[in-house]
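Novice: In the numbering used here, the protein residues as written are 540 to 1595.
Listed below in structure tokens is the structure:
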């Protein structure tokens, strides 16, 4: 019997028997319930909550509501106006909540718990230990009593328990947060849904921790596993479906809950769900506002933490300068995240997970309210939306007849600053969170004692926990301030100190029926009694003039990418004619001294002599360049820009052809903007060189300000893949702990690559023969190479390994795209010309490891003279900013003509990437990708003045100056805001709950191993050394391709 049906059975039977008095009960209400252990208990099971405003659903409320509860279910929700509580029949207990607010119980859609992993050698387990769909949250101990109480303390009545750890983590379960009875024979708290969702994450390890070791590896593992599950779900299999794939299912399988820790990973999760046509709910990280447009475009439901960064320290000039603008903006914008998601039309649920302290949940929610989140939207995010996402809207989410009596009672509206949770009801059981304020105690009390003729006066303010005592006539006796004031129900106590009395005075009292009676104890004296009544309300105090709380002033628009140099909108696609310019066409026309270029609709309309410029209509804006130079946009065939935060290498296996570098690119990385300033318009982003067969490459245009990473993809480019040879792949310089992965020699590299190609050939032949082998993403990519649909771009140095791959290409009948670096390529230029589209590298980097000792700066000029299509690339965020001067080295070393030197960074790399029909030269019909230079582009004295892509000006000196001013102004504005905030009184934290300690119950991250901590210590030392040498710590290193212990430790430090 399912958990939901069992819950319904309990409730149905309870409703039948709850309305009549019985002398006893049957042994059990259900075959699954245990027998009573001792005398049958008769706890109160019928309640009527009266007088409160019931918010039965978002946007729907009843001002004077009666909520009737029986056997853990809601029996009715009605308007109680004019009804007499005395007439309530059936022995129900009446609870007066007059002036209070009743909400549906909150639902936390993401609460992680520890669930045992299946044994590695257990039957039916997946080859990868991170794929554990057979785990189930209901088979684990779940939350302990303190954790349940901690969730109730902030209003949660139910939680979706999620197995912690792994890539496929297992099935989640929606459970009640009620506490089980101490009597084990009592029914357990209900499980509303035993198998709610299959939870997926992009969890990674370090390079020596097994596959996947990078985010793109995790994405590939998810894609391959889903592909396998869908294949098994398709008809025609004779063998039974393995359990791990049956649990994941095909298109009609369970909802996938993706757990992500970065806004770009949300987009990757959405892409996977779309690819496999799966329903998905995505757990975010609280930074969704940074990629709001793209996330909204995908439209998947989100579970979002109220995770707000700490205020940056700007207390000194040095500290303020050390804070990045993005950090400042994140602090300011984070509270707007829920409101922005709601306004974007997304279905959002809020979670108390992924925060430093769960106790801050309500205060953070109210902070979001100050930043525009409405009451009804917040309520929906806590109740109706998570209930709908999790499939329990028939039990939870609103206050309706037949649903679970799981409620939250507050002394004020949800988003009101000082409102507190008084009670939380879980399945009809009441939990007191904070004692209600006794408003009937507030006022001035006159108390008579047998010791004095004149009554004493007690002024009591329970809400502010204050009281003053006068032992004589008003105005004559001194006012003593009460200390240690405690109010518990009808009882109160406090102490007084008086200079005339040597001992502390202890006063305790009871208030019943409007009469206060009590006792005064002074030291060891016998003491005396008193009694009295309230004679006046609290006097109106003269409060200090308080400034009304200002609504936070936060910019509504911040552009893309989030941070400095953001564009509020994509540059317009103009019709422009540039005249009086020197054109470096990189085409048949060569260099034109007095030339003109006309562009419209993103294309070049004319490029040639000014004298031949055709007559253009009025749409064209004329720009006189006054003799400045125009070149095609620079194309970089070897870039790792924007990848290091997610990993540029999947170095855990020798072949990772299934991974895609597209899953690791951040289009908002600041180095993309810097490269625009150097004239770069197109890059090929490559996997690193950690393995013989790496991941799939990506050709993209630097469309700065792109909303989605896909917006930068160069549609129509020939797909590529990274191969690597030499020291990196045989792990020569990786250290002693990397000595086990095959291959460990150059002979092994050749043998392994051949083996993979033979497997891909057999796989492709089976598919062509009409067989239906299991889709293998790795072999699919390799088969594309054999079919000529995907080009290899191979990291290489030595002539022997270059020849090896050329011979293998001939053996298997495919053509290589480029040899990358290829510093000994000048020795075997004829073989490269025959086997590859071209060779690409840097001119004067050598001697940084043994295999490059024979590199010479004349190499690429010699290869070009031998007929090889040669180009220069960067392999470095730093070098990419001055590729024009890199190409000038071909003139300096070898005497190449200036026109041919420009071709080495324009048309030649375009040919190597299969995009030369679109870009690479200034010719009519090609994309309007061009660069305007102040002078000769090969001169170190020239600078890029403007960069155009698709007929849009993405960079110019004037635009950059304006953006710099905006960056400085924004830094100053937020810094001033922070400094002003420090001078204001800090808001008081909400008081701890009554039923649990106030410590943070959020699980701490696991402690790192000794080896990991040692590795991080090493990277700190290397960072400091590099910093002292003036190096950019975030740039890639030429020829390293991410293969260094510095990179490994950097990835390790970014896993939290």
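We treat Cβ as the ideally placed atom computed from N, Cα and C, and that holds for glycine. Since this is a predicted model, take the numbers as computed values, not measurements.
Between residue 1335 and residue 1264, what straight-line distance do the alpha-carbon atoms span, to the nearest angstrom?
Specialist: About 5 Å.
Novice: Report buried or exposed for residue 1067, applying the criterion of at least 16 other Cβ atoms within 10 angstroms of its Cβ.
Specialist: Residue 1067 is exposed by the Cβ-count criterion.
Novice: Would you please state the rounded distance, in angstroms, between the beta carbons of residue 1241 and residue 1214? I believe it to be under 8 Å.
Specialist: Yes, residue 1241 and residue 1214 are in contact; Cβ-Cβ is about 6 Å, under 8 Å.
Novice: Of the choices 1521, 684 and 693, whose alpha-carbon is the least far from that of residue 721?
Specialist: It is 684.
Novice: I need the DSSP call for residue 1265, collapsed to helix, strand or coil.
Specialist: Looking at residue 1265 - three-state DSSP - the assignment turns out to be coil, as it is neither helix nor strand.
Novice: Tell me, to the nearest whole angstrom, how far the beta carbon of residue 1248 is from that of residue 1204; I am working on the premise that it is less than 8 Å.
Specialist: Their Cβ separation, rounded to whole angstroms, is 6 Å, which keeps residue 1248 and residue 1204 in contact under 8 Å.
Novice: Excluding the 5 residues flanking residue 908 on each side, which residues of the same chain have their C-beta closer than 7 Å to its C-beta?
Specialist: Answer for residue 908: 917 and 954, listed in chain order.
Novice: For residue 697, which residues of its own chain have a beta-carbon under 7 Å away from its beta-carbon, when the five flanking residues on both sides are left out?
Specialist: Counting only Cβ-Cβ distances below 7 Å, and skipping sequence neighbours, we find 644, 646, 713, 714, 715, 716, 731, 935 and 945.
Novice: State the start and end residues of the unbroken alpha helix (DSSP H) segment that holds residue 1302.
Specialist: First-last of the alpha helix (DSSP H) with residue 1302: 1285–1307.
Novice: Where does residue 561 sit, in a helix, a strand or coil, going by DSSP?
Specialist: Residue placement at residue 561 is poorly supported in this model, since its pLDDT is 35, which falls under 50; the coordinates are not used for a value here.
Novice: Output yes or no for whether 9 Å exceeds the beta carbon distance between residue 604 and residue 618.
Specialist: Against a cut-off of 9 Å, the Cβ pair of residue 618 and residue 604 comes out as a contact.
Novice: For residue 1037 and residue 1054, what's the separation of their Cα atoms in angstroms?
Specialist: Cα-Cα distance, rounded: 26 Å.
Novice: Kindly indicate the opening and closing residues of the beta strand (DSSP E) around residue 755.
Specialist: Careful: residue 755 lies outside any beta strand (DSSP E), inside the alpha helix (DSSP H) at 754–772.
Novice: DSSP on residue 708, reduced to helix/strand/coil?
Specialist: Looking at residue 708 - three-state DSSP - the assignment turns out to be strand.
Novice: Just to confirm before moving on: does the CB-CB distance between residue 488 and residue 1476 stay below 9 Å?
Specialist: Any property of residue 488 remains undetermined from this structure, which presents the chain solely from 540 to 1595.
Novice: Residue 1161: buried (16+ other C-beta within 10 angstroms of its C-beta) or exposed?
Specialist: Residue 1161 comes out exposed.
Novice: With a threshold of 16 other CB atoms inside 10 Å of the CB of residue 804, please say whether the residue is buried or exposed.
Specialist: Flag for residue 804 reads buried.
Novice: Please list the terminal residues of the continuous alpha helix (DSSP H) segment that includes residue 1483.
Specialist: Taken as a continuous stretch (DSSP letters only), residue 1483 belongs to no alpha helix (DSSP H), being part of the beta strand (DSSP E) at 1483–1488.
Novice: By the three-class DSSP mapping on this structure, what secondary structure does residue 898 have?
Specialist: The answer is helix: DSSP assigns residue 898 an H, G or I state.
Novice: Mapping the DSSP letters down to three states, classify residue 1152 as helix, strand or coil.
Specialist: It is coil, neither helix nor strand.
Novice: With H, G and I counted as helix, E and B as strand and the rest as coil, what does DSSP make of residue 510?
Specialist: The requested residue 510 does not occur in the structure, where the chain is confined to residues 540 to 1595.
Novice: Ordered along the chain, which non-local residues of its own chain (more than five positions away) have a Cβ less than 7 Å from that of residue 920?
Specialist: These residues qualify, in order along the chain: 877, 887, 888 and 889.
Novice: Could you give the DSSP three-state label for residue 844: helix, strand or coil?
Specialist: Strand.
Novice: For the alpha helix (DSSP H) containing residue 870, name the first residue and the last one.
Specialist: That run of the alpha helix (DSSP H) goes 864–872.
Novice: Tell me, please, whether the region 1158–1172 touches the region 1214–1232 by the rule of three or more beta-carbon pairs shorter than 8 Å.
Specialist: Yes, since at least three Cβ pairs between the region 1158–1172 and the region 1214–1232 fall closer than 8 Å, the two stretches touch.
Novice: Write down every uninterrupted run of the alpha helix (DSSP H) in the region 1186–1216 whose length is 4 residues or greater and which is fully enclosed by it, in chain order.
Specialist: You should have 1209–1215.
Novice: Buried or exposed for residue 1392, please, with buried defined as at least 16 other CB atoms from any protein chain shown within 10 angstroms of its CB.
Specialist: Exposed.
Novice: What residue range does the beta strand (DSSP E) around residue 1171 cover?
Specialist: Here the beta strand (DSSP E) through residue 1171 covers 1168–1171.
Novice: What three-state label does DSSP hand residue 860 in the structure shown?
Specialist: Residue state, collapsed to three classes: helix.
Novice: Near residue 1148, what residues of its chain come up, given a Cβ to Cβ distance below 8 Å and the 5 sequence neighbours on each side ignored?
Specialist: Closer than 8 Å at Cβ, skipping near neighbours: 1131, 1133, 1134 and 1135.
Novice: Where residue 1300 and residue 1365 are concerned, what is the direct C-alpha to C-alpha distance, given to the nearest angstrom?
Specialist: Between residue 1300 and residue 1365, the C-alpha separation is close to 32 Å.
Novice: When you compare the region 1466–1476 with the region 1141–1157, are there three or more beta-carbon pairs, one atom per stretch, that lie closer than 8 Å?
Specialist: Cβ pair count under 8 Å is three or more, so yes.
Novice: Given this structure, state the Cα-to-Cα distance separating residue 1282 from residue 1345, to the nearest angstrom.
Specialist: The straight-line gap from Cα to Cα measures roughly 20 Å.
Novice: Determine, using beta-carbon pairs with one atom in the region 1312–1331 and one in the region 1421–1437, whether at least three such pairs fall under 8 Å.
Specialist: Counting Cβ pairs under 8 Å, fewer than three are found: no touch.
Novice: Give me whichever residues DSSP pairs with residue 1055 in a beta bridge.
Specialist: Bridge partners of residue 1055: 1050 and 1071.
Novice: Using the C-alpha atoms, what's the distance from residue 1471 back to residue 1109?
Specialist: Going from the Cα of residue 1109 to the Cα of residue 1471 covers about 20 Å.
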